[in-house]
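Trainee: So the working numbering is basically just the index in the sequence shown, starting at one, shifted up by 13.
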Amino acid sequence: SGLPHGVSARITCWITTFITFERCICLVFPLRTKSVFTQRRTVSAIVLIALSVSAGISPMFFARQVVPVHDVRFNKTKFGLVYRENGISVESVGLYFNATSLICCIVLDIVCTSAIVRVLVLKSKWRRPAATADVFAGLTQRDKKVVKLVTLISCMFLACVGPYGVNFILMVLLTPEYNINGLYQNVFSVVWGMIHTFEAVKSSANVLVYYNMNSKF
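1) Check for me: the beta strand (DSSP E) holding R77 runs from which residue to which?
2) Does Y96 come out as helix, strand or coil in the three-state DSSP assignment?
3) Just the Cα atoms here: how many angstroms apart are L61 and V79?
4) Check whether the Cβ atoms of I70 and G19 sit closer than 8 Å, and answer yes or no.
5) State the DSSP-derived secondary structure class of T51, mapped to helix, strand or coil.
6) Alpha carbon to alpha carbon, what distance is there between N180 and P81?
7) Could you pull out every residue in the same chain whose Cβ sits closer than 7 Å to the Cβ of C39, ignoring the five residues on either side in sequence?
8) Out of G195, E212, L171 and Y191, point me to the one whose CA is closest to T30's CA.
9) Contact check, A112 vs C37 under 8 Å by CB: the rounded distance?
10) Using the Cα positions of F75 and M184, report the straight-line distance between them to the nearest angstrom.
11) For L77, which option in K91, D84 and R97 has the closest C-alpha, if you only look at C-alpha atoms?
12) Within the same chain, show all residues whose beta-carbon is closer than 8 Å to that of G175, passing over the 5 residues directly before and after it, in chain order.
13) Check the DSSP bridge columns for T30 and list the partner residues they point to.
14) Distance, Cα to Cα, I24 vs L64?
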């Protein structure tokens, strides 16, 4: 169940980054947004994300196989996961893809969020001479609220996805000992438990943040 969960989580990360990129384009090139992000292109992008992530993680599904394993301690035969021939090398491909994918996702989110905040601040200054004091105060408050919302959502995303990326980098560097059956299996289990907690917090907190800081974007 861990790998299907990983596929879903990775797809969610990339869709979140795609939405941030779309917001960035809406501000930087407002007149071209409708022509760039059509319904067909958006659906195609989401499908491409899902297929790419699934294809990148697929080697990890084929790296191991379920076989009967005799447990000497209890004199019982149980089914367990065992690496196939060259399974470690095959799994490394998926690990490299995951680590690279998450790093690219994080970098792109940081760049787009920084661009959004920068453009909002510049547009707020640009409107200052043309607006009355009361109107400008209202616009400034709205812009500040949007900046806070975008920044907070991005920080939450990075704080929850960052440990994911670090963990996959460790899996690449410490292969094959850093896994559920390796030398560091206890650390591996604890870290993944914390990551799943971060995911639950992010999913739950996003709704509360949007509800309390909602603004017309």
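For every residue, glycine included, the Cβ atom is placed at its ideal position computed from N, Cα and C.
Mentor: Straight from the coordinates:
1) By 1-based counting over the sequence shown, the position of residue 77 is 64. Looking at the DSSP string, the run of the beta strand (DSSP E) that includes R77 is R77 to D84.
2) By one-based count along the sequence shown, residue 96 stands at place 83. Looking at Y96 - three-state DSSP - the assignment turns out to be strand.
3) Residue numbering aside, residue 61 sits at position 48 when the sequence shown is read from its first letter. Residue numbering aside, residue 79 sits at position 66 when the sequence shown is read from its first letter. Looking at the two C-alpha atoms, the distance is approximately 30 Å.
4) Mapped onto the sequence shown, residue 70 falls at position 57. Mapped onto the sequence shown, residue 19 falls at position 6. Yes, the Cβ-Cβ distance between I70 and G19 is below 8 Å.
5) For this step, residue 51 is matched to residue 38 along the sequence shown. In this structure, T51 counts as coil in the three-state DSSP scheme.
6) Within the sequence shown, the letter at position 68 stands for residue 81. Within the sequence shown, the letter at position 167 stands for residue 180. Taking the straight line joining both Cα atoms gives about 29 Å.
7) Translated into positions along the sequence shown, residue 39 becomes position 26. Here C39 has T46 as same chain residues with Cβ atoms under 7 Å from its own Cβ, once five neighbours each way along the sequence are excluded.
8) Residue mapping note: residue 30 aligns to position 17 of the sequence shown, counting from 1. Per the Cα distances, L171.
9) Reading the sequence shown from its first residue, position 99 is the one you call residue 112. Reading the sequence shown from its first residue, position 24 is the one you call residue 37. Actually they do not touch by this definition, with Cβ atoms about 25 Å apart.
10) In the sequence shown, the residue the question calls residue 75 occupies position 62. In the sequence shown, the residue the question calls residue 184 occupies position 171. F75 and M184: Cα-Cα distance of roughly 17 Å.
11) Position 64 of the sequence shown, counting from 1, holds the residue named residue 77. The identity of residue 77 in the sequence shown is Arg, whereas the question assumes Leu. Looking at the Cα atoms, R97 is the closest of the given residues.
12) Numbered from its first residue, the sequence shown carries residue 175 at position 162. Contacts found: I119.
13) Within the sequence shown, residue 30 is the residue found at index 17, counting from 1. DSSP lists no partner for T30.
14) For the purposes of this step, residue 24 is identified with residue 11 of the sequence shown, where counting begins at 1. For the purposes of this step, residue 64 is identified with residue 51 of the sequence shown, where counting begins at 1. Answer to the nearest angstrom: the Cα atoms are 9 Å apart.
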